[in-house]
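Colleague: Sequence lines, in order, name chains L and A.
Those letters in the first sequence? Residues 1 to 275, by the working numbering.
Those letters in the second sequence? Residues 1001 to 1217, by the working numbering.
Every residue gets a Cβ at the ideal spot worked out from N, C-alpha and C, and that includes glycine.
Since the model is a prediction, treat every value here as computed from it, not as a measurement.
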Amino acid sequence: MIEELFEIERDAQKDSVVHRLDARVKIAIAFAAIIALVAVPYSTMVYTIGAVFFCFFAFLWCCTRLSPVTYLKRLISIVPLWGVIIFFQIFLKNKYYTDYHTVLSLPLGISIYAESIEFAFILLVKFMVCISFIILLSSTTRMHDMLEGAARMGLPAEFALALGMMIRYLFVFGYMFRKINETLKTKCFDAFDRHLPYRYRLRQLGYMIGTMFIRSYEQGERVYTSMLCRGYGKDSYLFVQRKPLKGTEWAVLCFSLAFITVIPLAVWLTSFRLL
Amino acid sequence: MHIPDAFIPIWQGAIYWIIALVFIALALRWARNEMNEEKLPLVAVLAAGIFALQSFNLPVSMGTSGHLVGGALAAIILGSPFAAIFILTLVLIIQGVLFGDGGITVMGANIINMGVIGGFTGYYTFKGLMGLTKNMPVSVFFAAWLACLIPSLACAVEMAIAGTFPLTEGLIAMGIYHAIIGFIEGFVTIAAIYIITAARPDLVDTGVRAPAGASSS
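1. Tell me whether G1182 of chain A counts as near the ligand MG, meaning its Cβ is closer than 7 Å to at least one heavy atom of that ligand.
2. Within 8 Å (strictly less), CB to CB, does L1167 of chain A reach chain L?
3. Where are the alpha helix (DSSP H) runs, 4 residues long or more, that stay fully inside the stretch 145–203 of chain L, in chain order?
4. Does any C-beta atom of chain L lie closer than 8 Å to the C-beta of T1164 of chain A?
5. If we ignore side chains and look at the alpha-carbon of each, how far apart do V1157 of chain A and V223 of chain L end up?
6. Can you name the residues that DSSP bridges to Y113 of chain L?
7. Under the rule that 16 or more other beta-carbon atoms within 10 Å means buried, what is D15 of chain L, buried or exposed?
8. Can you pull the chain L neighbours of F1082 of chain A, defined as C-beta to C-beta under 7 Å?
9. Determine the contact status of G1186 of chain A and F1126 of chain A, defining contact as a CB-CB distance below 8 Å.
10. Taking only the alpha-carbon atoms, compute the straight-line gap between A51 of chain L and L265 of chain L and give it to the nearest angstrom.
11. Run through DSSP, which three-state label would D1101 of chain A get?
12. Applying the criterion that 16 or more other CB atoms from any shown protein chain within 10 Å of the CB defines a buried residue, is H1178 of chain A buried or exposed?
13. Less than 8 Å separating the beta-carbons of A1047 of chain A and M176 of chain L?
14. Would C307 of chain L be called buried (16 or more neighbouring beta carbons within 10 Å of its own) or exposed?
15. On the three-pair Cβ rule with 8 Å, is the stretch 1116–1133 of chain A touching the stretch 95–110 of chain L?
16. Which residue's Cα is closest to the Cα of Y169 of chain L: A:L1090, A:L1021 and A:I1010?
17. Could you give the residue range of the alpha helix (DSSP H) that holds L1078 of chain A?
18. Rounded to a whole number of angstroms, what is the C-alpha to C-alpha distance between S1215 of chain A and L1149 of chain A?
19. Output yes if chain A places a C-beta closer than 8 Å to the C-beta of W82 of chain L; else output no.
20. Who are the near neighbours of A173 of chain L in its chain, counting only those whose CB is closer than 6 Å to its CB and skipping five residues on each side?
21. With a threshold of 8 Å between beta-carbons, can F159 of chain L be considered close to chain A, or not?
22. If you count every other CB in all the chains shown that lies within 10 Å of the CB of I1008 of chain A, and 16 or more means buried, which is it?
23. Can you list, in chain order, the residues of its chain whose CB lies under 7 Å from that of F133 of chain L, leaving out five sequence neighbours each side?
24. Take the Cβ of R74 of chain L as the centre, count every other Cβ of all protein chains shown within 10 Å, and call the residue buried at 16 or more, exposed below.
25. Hey, V1106 of chain A and S138 of chain L are a contact pair by Cβ (cut 8 Å); roughly how many whole angstroms apart?
26. Does any residue of chain L have a CB that is nearer than 8 Å to the CB of V1188 of chain A?
27. On the premise that I1085 of chain A lies in contact with I1050 of chain A, defined as a C-beta separation below 8 Å, what is that separation, rounded to the nearest angstrom?
28. Identify the continuous alpha helix (DSSP H) that holds L92 of chain L and give its terminal residues.
29. Kindly list, in the order they appear in chain A, the residues whose Cβ is closer than 8 Å to that of Y217 of chain L.
30. Q219 of chain L to P1041 of chain A, Cα distance in whole Å?
31. Within 8 Å of any Cβ in chain A, is that where the Cβ of S226 of chain L sits?
32. Using a Cβ-Cβ distance cut-off of 8 Å, determine whether P960 of chain A contacts chain L.
33. F1120 of chain A to P1081 of chain A, Cα distance in whole Å?
34. Touching or not, the stretch 1191–1199 of chain A and the stretch 1160–1170 of chain A, by the rule of three or more beta carbon pairs under 8 Å?
35. Round the Cβ separation of M1114 of chain A and M1001 of chain A to the nearest angstrom and send it over; I've been treating them as touching at under 8 Å.
36. For E249 of chain L, would you say it is in contact with chain A, using Cβ-to-Cβ distances shorter than 8 Å as the test?
Structure representation (structure tokens):
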């Protein structure tokens, strides 16, 4: 995840119409889309709404001028973990269906149900579209801009300041982790090498974790002291400059929010289903 | 242990958010009173460290994901369960917004599990055991182990209430995974606190002192 952080920040530094939008607009659109999709009941309606939302996401992604491979890479790094969990739904009965029809009976009394497969698909669609909007938001917004945007939207100053510092430390941690890892490799230390005594491996790992923490802290403390000398302080985020949205940003925001609200309502009212 | 979006219905997510906001407000009060210029780098580095610890995830078939939590570590070093809530909230915001690890609509539930339950369990177990045994490694180990196990059980209950996973199977799967992961969490927490108290005793707020023989050099 720490390595991924560097890649995300690299993507966010690029330039496009979406990258140039104010962070507040992107945060509002992404959160609204997620809330709207999660609010749709567990029914096959999700397929239609999910498909429309995904088209909306795909349009925005095209505007970012980022490669689809970037999106797929990030999706692949997230989905397998949750995909396994969603996959297990096909073996389970849940409270959202009353009748269950067995599709396949397996040994040890395990069965796969048609309704459970449907539920797993509904979860998958909701999850994939939600994740896609998160990928869009993080790949097109620099962390600093996101933080300023969040502070302008009302995130308490204490959180904004600590988040800003935490993000700096994440990069310090990343560099520190790389350095310590390389040092351990040059010493041919492998924590999973069964030939080494457990006690020795545990002690080395303990030293590694502790050293990473102490060195990151001390390096960060020095950086923070320099920042204090340059006028940065714990009250910095209390005074984030006000920045009104431009006309085009208002237009994008209003259109997107209207779209995100109207689509689920329209699908629900017409009870239109793809399947 | 991170619950993703869509695994809990929106109205239940809203309830968890309301409960979490009460604790976030209390954690914010802790930050306003305690987080001075000296402590800020420590809070931030703890948050970054816990983020790094939580980045090693394993899928749990009848639950969500299995990983280290770090609530006990934050609460013990900073001497308050509200510190754990504050730090875990930071971690969950970054994980949810940047990496999609844990959802936006269910962030309240995740904060309750890892921050509130993890922080309170870790801190008060440590305080209680430290008073009884006066043994730092034992107290830290059990505090960290419980602070990993109990939130995972809470997560299984929330998923069962949501109707996404059955209660018994969820409790067994999440419980077994996190009871094992809790051992790693226990050792990691001991190692981190041991080294911090030895190298920088000024950073620790709970009255934990470096074990005899540990030098500060």
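Modeller: Quick look at the numbers:
1. With respect to the ligand MG, the structure offers nothing, as it holds no ligand at all.
2. no
3. 157–186
4. yes
5. 43 Å
6. L:T102
7. exposed
8. Per Cβ cutoff of 7 Å: no residues; F1082 of chain A is ~12 Å from chain L at best.
9. no
10. 15 Å
11. coil
12. buried
13. no
14. Coverage of chain L is limited to positions 1 through 275, which leaves residue 307 of chain L absent and any answer about it impossible.
15. no
16. A:L1090
17. G1071 to L1078
18. Any reading at S1215 of chain A is ruled out, since the residue's pLDDT is 45, under 50, leaving its predicted position unreliable.
19. yes
20. One detail in the question is off: residue 173 of chain L reads as Phe in this sequence, not Ala. Answer for F173 of chain L: S216, listed in chain order.
21. yes
22. buried
23. A30, A33, I34 and F57
24. buried
25. Contact doesn't hold; Cβ gap of about 18 Å is too wide.
26. yes
27. Going by Cβ atoms, the distance from I1050 of chain A to I1085 of chain A rounds to 12 Å, so no, they are not a contact pair.
28. Careful: L92 of chain L lies outside any alpha helix (DSSP H) and carries neither H nor E.
29. P1041, L1042, V1045, R1200 and L1203
30. 10 Å
31. no
32. Chain A is shown from 1001 up to 1217; residue 960 of chain A falls before or after that span and cannot be answered.
33. 5 Å
34. no
35. 6 Å
36. no
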